[in-house]
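In terms of UniProt numbering, the sequence shown opens at residue 1 and continues consecutively.
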Amino acid sequence: MKALGLKNAGKTLLALSMMGVMAGTAQAADKVLHVYNWSDYIAPDTVAEFEKESGIKVVYDVFDSNETLEAKLLAGKSGYDIVIPSNNFLAKQIKAGVYQELDKSRLPNWKNLDTDLLKAVGDASDKGNKHAFPYMWGTIGIGYNPDKVKAALGVDKIDSWDVLFKPENIAKLKGCGVSFLDSPTEMIPAALHYLGYPTDTTDKKQLAEAEALFLKIRPSVGYFHSSKYISDLANGNICVAVGYSGDLEQSKSRAAEAGGKVKVSYVIPKEGAGSFYDMVAIPKDAENLDAAYQFMNYLMQPEVMAEITNSVRFPNGNKAATPLVNKDISGDPSIYPSDEVKAKLYAISDLPPTTLRTLTRSWTKIKSGK
1 MKALGLKNAG KTLLALSMMG VMAGTAQAAD KVLHVYNWSD YIAPDTVAEF EKESGIKVVY
61 DVFDSNETLE AKLLAGKSGY DIVIPSNNFL AKQIKAGVYQ ELDKSRLPNW KNLDTDLLKA
121 VGDASDKGNK HAFPYMWGTI GIGYNPDKVK AALGVDKIDS WDVLFKPENI AKLKGCGVSF
181 LDSPTEMIPA ALHYLGYPTD TTDKKQLAEA EALFLKIRPS VGYFHSSKYI SDLANGNICV
241 AVGYSGDLEQ SKSRAAEAGG KVKVSYVIPK EGAGSFYDMV AIPKDAENLD AAYQFMNYLM
301 QPEVMAEITN SVRFPNGNKA ATPLVNKDIS GDPSIYPSDE VKAKLYAISD LPPTTLRTLT
361 RSWTKIKSGK
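Here's what the structure looks like:
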């Protein structure tokens, strides 16, 4: 009996040991947070500081277009606990049931957010701000090398979309390199706006005119990409890039750090430009909610967001952070536009599926040049 009892006790101890290992593994899994963010869109030490403060390991992956993020989210089981879509994509993804509603009682730092910005993105994309909060925002304008542009066009600065949408102008820039974002939902509205049409039009004739405009200038476009232009412009490999304001400010900063031989400027064209709001959200199938809320609340700390803005040169959605942002950034009108310029900005809209399919087909045609 004793021998049998010892044997059973041994089995019990083994079982308890295995349970302990399993529990330890589960706890380890609970300590891993999976984040999916835009490339070059966080300060160098943000993740490391969060890991140090929270004890949570972060697996941090990057993407360079909303379409890439959306494909993962709509496929299901994305594997991410935190994602950062732009507001127009957020709106349609909410309709598709992609995100969890936020428990704001777990986000005490919510009070630091800009209430005007919350209202703006709430009205446009997420009524009541139930699913997300603004991370960074910015404009979609033109970055350029003043020296190369002057050599090609004979002008000291760019101030209009004419320089790219008039075939005779962009043809002169072809030799020094031109790039556009690889994003139909952001680039085709730029053409529509230039043509004087609503950027959220569903009119097939107007959409066809925007496509035709791009096809006219296509021979002079070097490439379409949503991140490559950052380093290419800073290194002098291209002379003009249509891109995100913060990315192009990074190009300017990198060029200066490299010795200033290459100069970079950024402009919001006088006709106006697109604006975007990138939002922090939790996917429906997130596996580590506790860590996700801790990371969200960490991002809402003013000093954390100020450091990110100082690094990536995008304005953030945290009002309490603004006084902590470097003055050369908060005082730069190309980063923090004046009210007069803001009045000419348009938001990127959530479009009906049929219009989105039209844009996608047009973009495929535009990129191929056929």
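Virtual Cβ for every residue (Gly too), placed ideally from N, Cα, C.
task = Identify whether Trp161 lies in helix, strand or coil by the three-state DSSP scheme.
result = coil
query = On the three-state DSSP scale, how would you describe Leu193?
reply = Note on residue identity: the sequence assigns His, not Leu, to residue 193. Looking at His193 - three-state DSSP - the assignment turns out to be helix.
inquiry  = On the CB-based measure, 16 or more other CB atoms within 10 Å of its CB, does Asp81 come out buried or exposed?
reply    = buried
inquiry  = My output table needs one value for Asp200: the three-state DSSP class, helix, strand or coil.
reply    = coil
query = Roughly how many angstroms lie between the CA atoms of Ile366 and Gly154, to the nearest whole one?
reply = 29 Å
task = Quick one: give me the first and last residue of the beta strand (DSSP E) that Ala152 is part of.
result = Not the beta strand (DSSP E): Ala152 falls in the alpha helix (DSSP H), residues Pro146 to Leu153.
message = Pull the bridge partners of Pro134 from the DSSP assignment, please.
response = Met279
request  = Report buried or exposed for Lys327, applying the criterion of at least 16 other Cβ atoms within 10 angstroms of its Cβ.
outcome  = exposed
ask   = In whole angstroms, what separates the C-alpha of Pro134 from that of Val280?
value = 6 Å
task = Can you say whether Pro283 is buried or exposed, counting buried as having 16 or more other CB atoms within 10 angstroms of its CB?
result = buried
message = By alpha-carbon positions, which one of Ala306, Ile140 and Pro353 ends up nearest to Phe276?
response = Ile140
query = What is the DSSP secondary structure of Asn237, reduced to helix, strand or coil?
reply = coil
query = If you compare alpha carbons, which of Phe295, Pro323 and Arg357 is closest to Ala48?
reply = Phe295
query = Buried or exposed: which applies to Glu340, given that a residue is buried once 16 or more other Cβ atoms fall within 10 Å of its Cβ?
reply = exposed
message = With DSSP as the reference, identify every bridge partner of Thr139, one or two as the case may be.
response = Ser275
key: Expected contact under 8 Å - CB spacing of Asp114 and Val267 to nearest Å   = About 25 Å separates the two Cβ atoms, so there is no contact after all.
query = How about Leu33 and Val62: are their beta carbons less than 8 Å apart?
reply = no
query = How would you label Arg357, buried or exposed, when you count the other beta carbons within 10 angstroms and need 16 or more for buried?
reply = exposed
key: Nearest candidate by alpha-carbon position, reference Thr355, set Lys342, Leu207 and Glu67   = Leu207
ask   = Mind checking if Lys127 is an interface residue toward chain B, Cβ cutoff 8 Å exclusive?
value = Among the chains in the structure shown there is no chain B, since it carries only a single protein chain.
request  = Reducing DSSP to helix, strand and coil, say where Ala96 ends up.
outcome  = coil
message = Can you give me the C-alpha to C-alpha distance between Asp40 and Glu249, rounded to a whole angstrom?
response = 12 Å
Residues bridged to Trp38 [DSSP beta-bridge criterion] = Phe63
query = In its own chain, which residues sit with a C-beta less than 7 Å from the C-beta of Phe180, not counting the 5 before and 5 after it?
reply = Met187, Val221, Phe224 and Val242
request  = Return the CA-CA distance between Lys252 and Ile308, expressed in angstroms with no decimal places.
outcome  = 17 Å
ask   = Below 8 Å between beta carbons: does that hold for residue 372 and Asp203?
value = The structure shown does not extend to residue 372, since the chain is modelled only from 1 to 370, so the question has no answer here.
request  = Entirely within the segment 290-317 and at least 4 residues each: give me those alpha helix (DSSP H) ranges in chain order.
outcome  = 302-312
query = Where does Leu345 sit, in a helix, a strand or coil, going by DSSP?
reply = strand
ask   = In three-state DSSP terms, what is Val267?
value = strand
key: Between the CA atoms of Lys92 and Ala75 - distance to the nearest angstrom   = 15 Å
request  = Just mark Gly331 as buried or exposed, buried being the case when its beta carbon has 16 or more other beta carbons within 10 Å.
outcome  = exposed
message = Please state whether the Cβ-Cβ distance between Gly317 and Trp137 is less than 8 Å.
response = yes
ask   = Who are residue 427's beta bridge partners in DSSP?
value = Since the displayed the chain opens at 1 and closes at 370, residue 427 lies outside it and no answer follows.
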